[in-house]
Structure formats: C-alpha cells, structure tokens
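Down below is the structure, laid out as structure tokens.
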Amino acid sequence: MAKQNKRNRAVFLDRDGTIIAERNYLRRVKDVKLLKGSVEAMKLLKALGYKLIIVTNQSGIGRGYLTENKLAQIHKYLLKLLKSKGVKIDGIYYCPHHPDEKCACRKPNTELVKLARDRFNLDLKKSFTVGDHTGDFRLGRNMGGKGIFVKSGHWKHEQKKIDASGGAVRPDYTAANILAAAKLIERVS
1 MAKQNKRNRA
11 VFLDRDGTII
21 AERNYLRRVK
31 DVKLLKGSVE
41 AMKLLKALGY
51 KLIIVTNQSG
61 IGRGYLTENK
71 LAQIHKYLLK
81 LLKSKGVKID
91 GIYYCPHHPD
101 EKCACRKPNT
111 ELVKLARDRF
121 NLDLKKSFTV
131 GDHTGDFRLG
141 RNMGGKGIFV
151 KSGHWKHEQK
161 KIDASGGAVR
171 PDYTAANILA
181 AAKLIERVS
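Counting with the numbering used here, you get residues 1 to 189 for the letters of the sequence shown.
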C-alpha cells in the first residue's frame, strides 16, 4: 500500500496586537512586549499539532520608518524570547511594502501563506489565521481556511469597518484574544 503524504496544519498569527503589544510602527527591540496569554495560546496550538507561522504587514519599511535589517533584529529577539518561554515559531513572513503598492504579499493577499504552504507542506483548508485586523481574517478566507478576529490591538477601529460593511466583511470567528482564539481552534478542529 502506498504511503500517504500527510499535510500539515498551521495557524498564521499576526504579530502586532495579537502576539505582542501594539506599537505604532515598532522600531526598537526594547519595545517588544508579549501580550498576556500569547505564550499559553501558542503552546496549546503546538500541542494540537499546528505549525506556528507569523505573517505580518510591515509597511514601516516601505514608509521609511525602519529598515529590513532592524526588522530582522526585532524578529530575532522575538524568536529568542518565545523560545526562552518554550514556544518554537516555525516561520516568520512579512510584507515590507507601503499599502499603496499593489503587491501580492500584503495581507489579505495570499502570497506569504503560499510560500509557507510550499515550505511546510501545509493544508490551507485545515489552517487558521488569527489577528486584530480585517486583513487577517480575510486572509483566512482567501487562502481557503478560517479566519479569527481577536479583540486586541487595533480591533476597535477594525470593528467599525466590519460594522460599516453591512455583513460583506466578517470573520469566521471572533475571540477576545489570542488565548481565546487558541481554545476556539481546539474546539472546532
């Protein structure tokens, strides 16, 4: 009998306002602060067998607020911090472009998740996105999976967009924070 090629599931996590405290264009390593419950959430998702992949729009690069080198330093620190707390992030993907650029990698476009899909042999239909922006949960839908909107970070501003859409823009699920999102994923997967 032929051996089946098992595909992995992933949770694509927004960075700012979901895993770490929201800062307007985070530029300094010392400003990286984990949100309450984020470590516990990621440990739960790992225990459930999900790959943990950060997908983040970092238009501060395109706007000239920080360099890709500085972003790499921030991500290196974040990975080290999470590892010290027992969490292994499988990958970080980011869009460096200004929102006015018509790139394929800015969420809710799917270029970054496709790169992760190919690298980690992912089944996107069995995967989730978690974040505090409409682009985060729309990414979930665009990739064929599910999107969870968390009420942290920029959520109040984003909730206004959802309300104004008349139902055209809505998440698959809503959760209070990343930990509540992880528990929701545990229930529905």
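A virtual CB, placed ideally from N, CA and C, is assigned to each residue, including glycine.
- Taken in chain order, the unbroken stretches of alpha helix (DSSP H) that lie wholly in the region 33 to 114 and span 4 residues or more are 38 to 47, 59 to 62, 68 to 84.
- A Cβ-Cβ separation of about 15 Å leaves Leu79 out of contact with Gln58 under the 8 Å criterion.
- Per the Cβ contact rule, the region 49 to 65 is not in contact with the region 155 to 165 (fewer than 3 Cβ pairs under 8 Å).
- Remark: C-beta atoms of Phe120 and Ile185 do not approach each other more closely than 7 Å.
- Nearest neighbour of Ala180 by Cα position, chosen from Ser152, His157, Gly167, turns out to be Ser152.
- For Leu13, the three-state secondary structure derived from DSSP is strand.
- If you ignore the 5 residues before and after Glu22, its C-beta comes within less than 6 Å of the C-beta of Asp16, Gly153, all in its own chain and listed in chain order.
- DSSP places Thr134 in the uninterrupted alpha helix (DSSP H) bounded by 134 to 142.
- Within the DSSP secondary-structure output, Val130 pairs in a beta bridge with Leu13, Ile148.
- Contact between Pro108 and Leu139 holds, since their C-beta atoms are separated by about 4 Å, short of 8 Å.
- DSSP places Ala175 in the strand class (E or B) of the three-state scheme.
- The three-state reading of DSSP puts Leu26 in coil, since its state is none of H, G, I, E or B.
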